[in-house]
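So the protein lines, in turn, are chains X and V. Going by this note's numbering, the letters in the first sequence line up with residues 42 to 412, in that order. Going by this note's numbering, the letters in the second sequence line up with residues 1350 to 1762, in that order.
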Amino acid sequence: MAKVLLVVGARPNFMKMAPLYFAMVKAQPLEPLIVHTGQHYDYVMSQAFFEDLELPQPHHFLGTGSGSHAEQTARIMVEFEKVLLAEKPNLVVVFGDVNSTLACSVTAKKLLIPVAHVEAGLRSFDETMPEEINRRVTDVVSDLLFTPSPDGDENLRREGIPLSKVYRVGNIMIDSLISILNRIEPSQQEQIVQRYGLTTRNYVLVTLHRPSNVDEKDSLEQILMYLNRLAAQVPVVFPVHPRTRKNIEAFGIEASFRDAFRIVEPVRYREFLTLENHARFIITDSGGIQEEATYLGLPCLTLRPNTERPITITEGTNELVDMSNIEEYSSRILAGHWKQGQVPALWDGRTAERITEVIQDYCSAAKTVPS
Amino acid sequence: MKVLSIVGARPQFIKAAVVSQQMRQVGAKELLLHTGQHYDFNMSEVFFRELDLPQPDYYLGIGSGRHGEQTARMLTGIEEVLLQEDPDLVVVYGDTNTTLAGALAPVKLHIPVAHVEAGLRSYNRQMPEEINRIVVDHCSDLLFCPTQTAVENLQREGFQNVGRAGHSDTASGRCSWFLDQQRQAPLVINVGDVMLDLARQVNERLQREGWGKTDILGRYGLAPREYVLTTIHRASNTDEPENLRRILEAMRQIAQRGLKVLFPVHPRTRKAMEKADLLPLLDTAGIITSEPVSYVEMIALESEARLLLTDSGGVQKEAYFFGVPCVVARGETEWIELIQIGWNRLAGPRTEAILAAAETILREDFAHKPRPDYYGTGHAAARIVTVLSWFAEGRQQGVWGQSGQWGQSLISD
């Protein structure tokens, strides 16, 4: 039985890994083992995800915690190398673009263990984003590359990666979204929305965490003031990352916000999906939420100069905005003038099955070659 | 301009030496960080002295370890220095774990990385070095390639911003060079091979300062153009006693035919020969063995040899720098252009093939054989430092990263 290590480290990885884990468990000849590097380790960020996704405890928890980039990467490398030497897997699967993705793919390749990258080929073409380096390096060392959309294939082709290694399988996060939302009864969803004092289709959900938005006083202040103004028209709910809350206090911004502007604690995944599902529209700077909004057909304003997920704009409901035009765009949404959008091909909840099939073939082909 | 150069293994000391010299000439502030990957103090020390390399400002003393572990310890050590020194950019060399950590640590802190010897590919992903090369190139802002082949490798990986470098006025022996490209990272430039710079420099010093090539040759009882210089150290040869035996047999037969064979023995090779009981093969009139020789001695010996027999990558190239033909005791080579043009011959670890290649070479007239400058003009380091200064200035003035050309700038080599 081929042993496959599924490596996760941070919140955006978990919901990409879960569907693959279950698909592999179902596909008998594969033995999936979960490795959690511990990059994101607090309860809401990590443990609650595992519960919401009904995942077993990780088979290996590396507990590397926070630290500077290099310290974190270094600890992940050391601990993951030990796991590799002990488990001798046939394949390592990494997800997305976090530090663990890079550290683990490089460590595995140095031990000559094949690597598969789920969510390959994404590019923002913004080299100042640490994620962009993580993506490029992971893709260039990987043996199997699973892309969510045709733009990913094209980016990889341009970087000289042989298309024989590339499989367009769709968006695995949508697998998670579908299965979780299906498991929450409509009445239960309503309760969750009510708990925040909100009503369906009558609030804006905001998520911001990028340093360029929340780590500089001027931009954070501008954004909060805008959201406060927006709350005069429609309630705004903003679950904040602990770091952002710290910034708000440290910058001394905490002015008197309207009651309709609710800055709340981080929300666990199933509740967050519910809030998304019922929102009027979304303001975000996160990658995955642009995709979820496109799938749900919700208008989405992305507060970034670029996106590594352009299909959410060309086919979906997403637009890039900055502080000079966000007001105009949100007015258009509230006036009901927004593009309809469509769900991109293969974003159908069956991505994990497709990946599993490819991996099965890969592992059985590899076995016939003496190692 | 404040530069942090990161070295750790023998080939990197050599490459950094030349670049370092140039940096001092233009008054750049260069800090040298030695990871200690090659921890043999004697070996490192010799290099620092002989190559006029400044003593490291930081020594991490990492030593050996598993790949991940070693890289990890370097990462944290390097990051600490980066945070303390806040250099304008980091320069890394070659393809070792030091290179890998030296690129990953700054890239995460948004400190630009320059890679010297970028774009080399063996296209064998079973080599850990190949992974290092690929990762480091994709982390780098400035990619200094030694050859056109390396540039093309990078173009295939999607690097589009390639500096055009050309020279003119070569007839008069002077060489000029210009750049013309977007002020954007990543930027790829063929600057030539720093190894050529150093080999030429050392050779000139040997001749000029009368360090006495004749002394060095005399020490082994050799006369110019009358001996074969041999180096064998690659695992594929030392770990396979039969391969080693075949190579030694070829050396024995060459010596029997009247050419002296000098064989400085790498410690690993000596151990392998002892273990496989091959030492008696060296008991042949005309075979002279020695301890490993220093870089300067090696240059002297290479430049005066009639023929080289080697499995080392660097030696194959150095042979060409000095116009000495070379038989390669390996099945493949990364310097394929030298095989194609006929200066070097691929024989593998096979007695007959080595002898046949050597005989063909000895019959041929190499004195008039063309020697294209695949590896540049011996001014790689000057070009590198010029580009580094431009880059640092451009960033300071805020024009780097903005669209527009650099314009044509002539550098007189």
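Backbone N, C-alpha and C fix where the C-beta goes; we use that ideal spot for every residue, glycine too. The structure displayed is predicted, hence computed values, not measured ones.
Do you know offhand how far residue i's Cα is from residue j's?
i, j, result
"Leu1536 of chain V", "Trp1749 of chain V", "11 Å"
"Ala1702 of chain V", "Ala1696 of chain V", "5 Å"
"Lys67 of chain X", "Ile221 of chain X", "18 Å"
"His100 of chain X", "Gly79 of chain X", "12 Å"
"Thr355 of chain X", "Tyr1723 of chain V", "46 Å"
"Ile1355 of chain V", "Ile1483 of chain V", "18 Å"
"Trp1692 of chain V", "Val1673 of chain V", "8 Å"
"Gly238 of chain X", "Leu1382 of chain V", "58 Å"
"Pro1573 of chain V", "Ala407 of chain X", "54 Å"
"Gln331 of chain X", "Arg1359 of chain V", "49 Å"
"Val210 of chain X", "Arg395 of chain X", "6 Å"
"Ile1565 of chain V", "Glu1646 of chain V", "7 Å"
"Tyr1408 of chain V", "Val1430 of chain V", "10 Å"
"Glu368 of chain X", "Val1500 of chain V", "47 Å"
"Leu1759 of chain V", "Thr1563 of chain V", "With a pLDDT of only 46 at Leu1759 of chain V, under 50, the local geometry of the prediction cannot be trusted, and no value is derived from it."
"Glu1623 of chain V", "Glu1591 of chain V", "13 Å"
"Lys287 of chain X", "Gly108 of chain X", "17 Å"
"Ala1365 of chain V", "Gly1376 of chain V", "16 Å"
"Met56 of chain X", "Ala1454 of chain V", "29 Å"
With residue i as the anchor, note down where its alpha helix (DSSP H) starts and where it stops.
i, result
"Leu1711 of chain V", "Thr1700 to Arg1712"
"Ile202 of chain X", "Here Ile202 of chain X belongs to no alpha helix (DSSP H), and DSSP marks it neither H nor E."
"Tyr310 of chain X", "Tyr310 to His319"
"Ser371 of chain X", "Ile367 to Leu375"
"Glu1651 of chain V", "Tyr1644 to Ser1652"
"Leu1547 of chain V", "Val1543 to Arg1557"
"Ala43 of chain X", "That residue, Ala43 of chain X, is in no alpha helix (DSSP H); its beta strand (DSSP E) goes Ala43 to Val49."
"Thr1735 of chain V", "Ala1729 to Gln1745"
Less than 7 Å separating the beta-carbons of residue i and residue j?
i, j, result
"Arg1583 of chain V", "Asp1486 of chain V", "no"
"Thr325 of chain X", "Thr248 of chain X", "yes"
"Tyr310 of chain X", "Asp167 of chain X", "no"
"Thr105 of chain X", "Glu122 of chain X", "no"
"His81 of chain X", "Arg116 of chain X", "no"
"Glu349 of chain X", "Leu163 of chain X", "yes"
"Gly1385 of chain V", "Ile1427 of chain V", "no"
"Ala272 of chain X", "Arg299 of chain X", "yes"
"Pro60 of chain X", "Ala393 of chain X", "yes"
"Gly1662 of chain V", "Gly1541 of chain V", "no"
"Leu1494 of chain V", "Ala1463 of chain V", "The question names Leu, but residue 1494 of chain V is Cys in the sequence shown. Not a contact, by the Cβ cut-off of 7 Å."
"Ala1450 of chain V", "Leu1424 of chain V", "yes"
"Glu1479 of chain V", "Ser1489 of chain V", "no"
"Leu1353 of chain V", "Val1439 of chain V", "yes"
"Met58 of chain X", "Phe136 of chain X", "yes"
"Val45 of chain X", "Val76 of chain X", "no"
"Gly1806 of chain V", "Arg199 of chain X", "Limits of chain V in this structure are 1350 at one end and 1762 at the other, which puts residue 1806 of chain V out of reach."
"Leu413 of chain X", "Ile323 of chain X", "Limits of chain X in this structure are 42 at one end and 412 at the other, which puts residue 413 of chain X out of reach."
"Thr188 of chain X", "Ala161 of chain X", "yes"
Could you pull the start and end residues of the beta strand (DSSP E) that residue i belongs to?
i, result
"Phe1493 of chain V", "Leu1491 to Cys1494"
"Asn1539 of chain V", "Leu1536 to Asn1539"
DSSP three-state label for residue i, please.
i, result
"Leu186 of chain X", "strand"
"Pro351 of chain X", "coil"
"Pro1573 of chain V", "coil"
"Asn1693 of chain V", "strand"
"Asn1586 of chain V", "helix"
"Phe136 of chain X", "strand"
"Ser327 of chain X", "coil"
"Leu71 of chain X", "strand"
"Ile400 of chain X", "helix"
"Ala64 of chain X", "helix"
"Tyr1724 of chain V", "coil"
"Gly1512 of chain V", "strand"
"Ile174 of chain X", "helix"
"Val1352 of chain V", "strand"
"Ser1521 of chain V", "Residue placement at Ser1521 of chain V is poorly supported in this model, since its pLDDT is 42, which falls under 50; the coordinates still yield a value, given next. Reduced to three states, the DSSP call for Ser1521 of chain V is helix."
"Lys1364 of chain V", "helix"
Sorry if obvious, but does the Cβ on residue i come closer than 6 Å to a heavy atom of the ligand ATP?
i, result
"Gln1475 of chain V", "The ligand ATP is not part of the structure shown, which contains no ligands of any sort."
Exercise for review: Could you tell me which uninterrupted beta strand (DSSP E) segments, each at least 3 residues in length, are contained entirely in the segment 257 to 306 of chain X, listed from first to last along the chain?
Suggested key: As far as the segment 257 to 306 of chain X is concerned, its whole beta strand (DSSP E) runs of at least 3 residues are 277 to 280 and 302 to 305.
Exercise for review: Tell me the start and end of each unbroken beta strand (DSSP E) in the segment 207 to 257 of chain X that is at least 3 residues and wholly inside, in chain order.
Suggested key: Runs of the beta strand (DSSP E) inside the segment 207 to 257 of chain X: 207 to 209 and 245 to 248.
Point to revise | In chain order, each beta strand (DSSP E) run of at least 3 residues that lies wholly inside the segment 1424 to 1499 of chain V | key: Complete beta strand (DSSP E) runs here, min 3: 1438 to 1442, 1462 to 1465 and 1491 to 1494.
Point to revise | Residue ranges of each beta strand (DSSP E) within the segment 101 to 162 of chain X, 3 or longer | key: Listed in chain order, the complete beta strand (DSSP E) runs (minimum 3 residues) inside the segment 101 to 162 of chain X are 132 to 136 and 156 to 159.
Practice item. Run through the segment 1576 to 1635 of chain V for me and flag every whole alpha helix (DSSP H) of 4 or more residues, listed as ranges in chain order. Key: The segment 1576 to 1635 of chain V contains these whole alpha helix (DSSP H) runs: 1584 to 1587, 1590 to 1605 and 1616 to 1624.
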